[in-house]
Amino acid sequence: MRAQSTASRVVVHAVLIAGSLVFLFPLMWMMSTSLKPIEETMRIPPQWIPSHFLFRNYYDAVMYEHKMLGYIPFLQYAKNTLLLAVLGVAGTVLVNALVAYGFARFRFPGRGALFAVTLATMMVPFPVLMVPLFGLFRHLGWIGTFKPLWIPAWLGSAFNIFLLRQFFLTVPRDLTDAAIVDGCSEFGAFRHIILPLSKPALAVVALFHFMYTWNDFLGPLIYLTDQKMFTLSLGLQFYQSQHGGTEWNLLMAAATMVVLPIIILFFFTQRTFIQGIAITGLKG
Amino acid sequence: MSTAPTTENRPARARFGVRAARRKSLYTALAFISPWLVGLAVLTLYPIIASFYYSLCDYSVLQPARFIGPANYVDLMSDEVFWKGLWNTGYYAAFALPLGLVVSLGLALLLNTGVRGMALYRTFFFLPALVPLVALAVLWLWIFNGEQGVLNYLLSLLGIRGPGWLADPRWTKPALVIAGTWSVGQAIVIYLAGLQEVPVHLYEAADLDGAGWWDKIRHVTLPMISPVILFNLIMGIIGALQYFTVPYVMTPQGQPARSAYFYIMYLYDNAFVYLKMGYASAMAWVLFVIIILLTALALRLTARRVHYEGE
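In the order they appear, the protein sequences are chains A and B. Per the working numbering, the first sequence starts with residue 120, numbered consecutively. Per the working numbering, the second sequence starts with residue 53, numbered consecutively.
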């Protein structure tokens, strides 16, 4: 629906600019604080722009040496998070693609019922599963390891199966049938014909799982016990609970380091991102 | 005829062939979906059943579960903290959901007016939704911070004396609503995608009828995107009832006066701090039932108002 008159266009821009300022201000404030000397963080009226950019804060936040707690290994947290993200994304993409293709391409007895059960499990909130999963992982000796945080990704997720199945249903059967007549196996056809065609859909799934791992707090909070193995989200919370309320510039530097990689990733994958969210909203 | 055996054999072989092909297809399908069969059984169905059983048990994870019947549910009914958590969560949802709906739909409608720079504005509104929740919580702690909080400074410029936010039990939940509303970017993107699918000819027809701006929104736009609104509403309900990370980080123990002690925070504490895993499971099932009831209610109340294209 288009805004017709000049006056209405001016009003629309005015509201959108005001809205943008409100939405962007907290991020600007975070970055501004992260570059300030400590005494400038306390000023009233606030020092909007640091008198000089103290990039050292970032170094101090990463290499923070605290008398009682010792070294807070922020780089280690980043490494842990990346490792979990890579392992999880690989499993998510590969396994959900396989399973979704299985549902989309083959007929087998009970397929409809199995798919309906799969969809129904999406309604179940995580707290319902939380206690038995903890008991199970404890029984397997996985508590305090990374395993509970990435192995489940290799066993499929209902939402991703649903999303990818919708995509595979739009791929014409003739494409694989021809290859199979030529002696290609079903898996070969999947591997060489379907997967390359599905890159956009797989990118959405990969991106969302990466974001999920980066963001996840409850999982690491429950399963990780050793501080050296914390993820960035858990590490940032730990950092805040230990040093919160004092050196806001360092805390904001740490927060910026958690936020910035995601924002950079967004700028490189914007199209995939926006389409992915639109798909989940409209077709979900 | 001497060819009788072959004519007899042919259908049999064909039948066998079909069966063999079917079996082969079944095995291939199984090979493809087998990871999910394990995932569904071990990581979803088993936990659902076990969690319901545990909710009827005294279970600390360190010792085997002991069946005690519905005692956990009975105890919940007279547990003040349970009701406090439920009240806080309901309060949060009651304000955060409508506010989020108005803000995200309003901004999406403005973005959909064919305004120049739409993609840039959309990026601005979406950026906060990218911020990981722990970072979001830490950032808003700083903005709300009692003595040097920038929000109260900005309010003072407007002549408003800001409240104590996270230090004042009356203002912790509004503070969390504000922080939550900041990250509605995802809903904006979903609404915008829905708005762009509304056929232009409907607006043209409305124009011919002399419809004004508000008429078009009320009688064309909103009915056409009502399924998207319903989807966002239901996802919002599910999300709000499970609100955990932000209040956990911003308000340790939901203090002051447990004013920000949310349902899942109490559930988490029961499970992993007090090791009352059976009690926590009972809480999880109560939550699940609440989610199902509210979702059914939302579907029912909107049944006549939601318009599905092609029905």
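We put the beta carbon where it would ideally sit given N, CA and C, even for glycine. Predicted model only: the values in this text are computed from it and were never measured.
### Query
Any C-beta of chain A sitting closer than 7 Å to the C-beta of B:Trp423?
Shown here, chain B extends from 53 to 363; a query on residue 423 of chain B therefore has no answer.
### Message
Suppose you measure from the CA of B:Ile289 to the CA of B:Thr347; what does that come to, to the nearest Å?
### Response
8 Å
### Query
Does DSSP put B:Asp127 in a helix, a strand or coil?
DSSP places B:Asp127 in the helix class (H, G or I) of the three-state scheme.
### Task
Report the rounded CA-to-CA distance for B:Tyr326 versus B:Ala123, giving the unit in angstroms.
17 Å
### Query
Do you know how far the Cα of A:Val250 is from the Cα of B:Tyr320?
Distance between the alpha carbons of B:Tyr320 and A:Val250: 10 Å.
### Message
Taking the alpha-carbon of B:Ile286 as reference, which of B:Tyr79, B:Leu353, B:Gly201 has the nearest alpha-carbon?
### Response
B:Leu353
### Task
Measure the Cβ-Cβ separation of B:Val113 and B:Met329 and say whether it is below 7 Å.
yes
### Query
Of all the CB atoms in chain B, is at least one closer than 7 Å to the CB of A:Gln356?
yes
### Query
Mapping DSSP to helix, strand and coil, what is A:Asp296?
helix
### Query
Using a C-beta cutoff of 7 Å, does B:Leu149 count as contacting chain A?
Output row for B:Leu149: interface = no.
### Task
Can you grab the Cα-Cα spacing for the pair B:Ala292 / A:Val300, in whole Å?
Taking the straight line joining both Cα atoms gives about 52 Å.
### Task
Starting from the Cα of B:Val338, find the closest Cα among B:Tyr105, B:Tyr125, B:Ile120 and give me that residue.
Shortest Cα-Cα distance from B:Val338 to any of B:Tyr105, B:Tyr125, B:Ile120 involves B:Tyr125.
### Task
Give the secondary structure of A:Phe349 by DSSP, where H, G and I count as helix, E and B as strand, and everything else as coil.
coil
### Query
For the candidate residues B:Tyr360, B:Tyr318, B:Leu108, whose alpha-carbon lies nearest to that of B:Asp131?
For the residues B:Tyr360, B:Tyr318, B:Leu108, the minimum Cα distance to B:Asp131 belongs to B:Tyr318.
### Task
Closer than 8 Å by C-beta to B:Thr273: which residues in its own chain qualify, once you throw out the five before and the five after it? Chain order, please.
The answer, listed in chain order, is Leu161, Leu247, Val250.
### Query
Which residues of chain B have a Cβ atom closer than 7 Å to the Cβ of A:Glu305, listed in chain order?
Thr80
### Limits of the unbroken alpha helix (DSSP H) element including B:Trp135
From DSSP, the alpha helix (DSSP H) with B:Trp135 extends over 132-163.
### Query
Which residues, in chain order, does the stretch 225-239 of chain B contribute to contact with chain A at a C-beta distance below 7 Å?
Trp234, Gln238
### Task
Just confirm the distance between the C-beta atoms of A:Thr160 and A:Asn368, as a whole number of angstroms; I'd bet it's less than 8 Å.
Between A:Asn368 and A:Thr160 the Cβ distance is about 5 Å, and since that is below 8 Å, they are a contact.
### Inter-residue CB distance, A:Gly395 and A:Phe327 (contact presumed, cutoff 8 Å)
6 Å
### Message
For a cutoff of 7 Å on Cβ pairs, would you count A:Pro339 as touching chain B?
### Response
Chain B contact via Cβ: absent.
### Query
For the stretch 167-182 of chain A against the stretch 203-215 of chain B, are there 3 or more C-beta pairs whose distance is under 8 Å?
no
### Query
At a cut of 8 Å, does the stretch 133-149 of chain B reach the stretch 353-362 of chain A through at least three beta carbon pairs?
no
### Task
Buried or exposed for B:Glu363, please, with buried defined as at least 16 other CB atoms from any protein chain shown within 10 angstroms of its CB.
In this prediction, B:Glu363 scores a pLDDT of 44, lower than 50, which makes its location untrustworthy; the coordinate-derived value is nonetheless stated afterwards. Exposed is the call here.
### Query
Hey, would you say B:Gln238 sits closer than 7 Å to B:Ala181, going by beta carbons?
yes
### Task
Please confirm if A:Met149 has its CB atom under 7 Å from at least one CB of chain E.
Among the protein chains of the structure shown, namely A and B, there is no chain E.
#### Entry: Residue-level contact to chain A via CB, B:Val167, 7 Å cutoff
yes
### Query
Hey, quick one: how far does the alpha helix (DSSP H) through A:Val323 stretch, first residue to last?
318-334
#### Entry: Extent of the continuous alpha helix (DSSP H) to which B:Asn197 belongs
Element bounds for B:Asn197: n/a, residue is neither H nor E.
### Message
Please confirm whether B:Ser103 has its beta-carbon closer than 7 Å to some beta-carbon of chain A.
### Response
yes
### Task
Measuring only between beta-carbons, confirm whether B:Ser333 sits less than 7 Å from chain A.
yes
### Message
Quick test of the definition: if touching needs 3 or more C-beta pairs under 8 Å, does the stretch 253-261 of chain B touch the stretch 300-314 of chain B?
### Response
no
### Task
Starting from the beta carbon of B:Ala323, find every residue of chain A whose beta carbon is closer than 7 Å, and list them in chain order.
Met249, Val250
### Task
Can you say whether B:Trp135 is buried or exposed, counting buried as having 16 or more other CB atoms within 10 angstroms of its CB?
exposed
### Query
Quick one: Cα of A:Asp335 to Cα of A:Leu206, how far?
CA-CA distance, A:Asp335 to A:Leu206, rounds to 15 Å.
### Residues of its chain near A:Lys186, where Cβ-Cβ distance is below 7 Å and the 5 sequence neighbours each way are ignored
Any reading at A:Lys186 is ruled out, since the residue's pLDDT is 48, under 50, leaving its predicted position unreliable.
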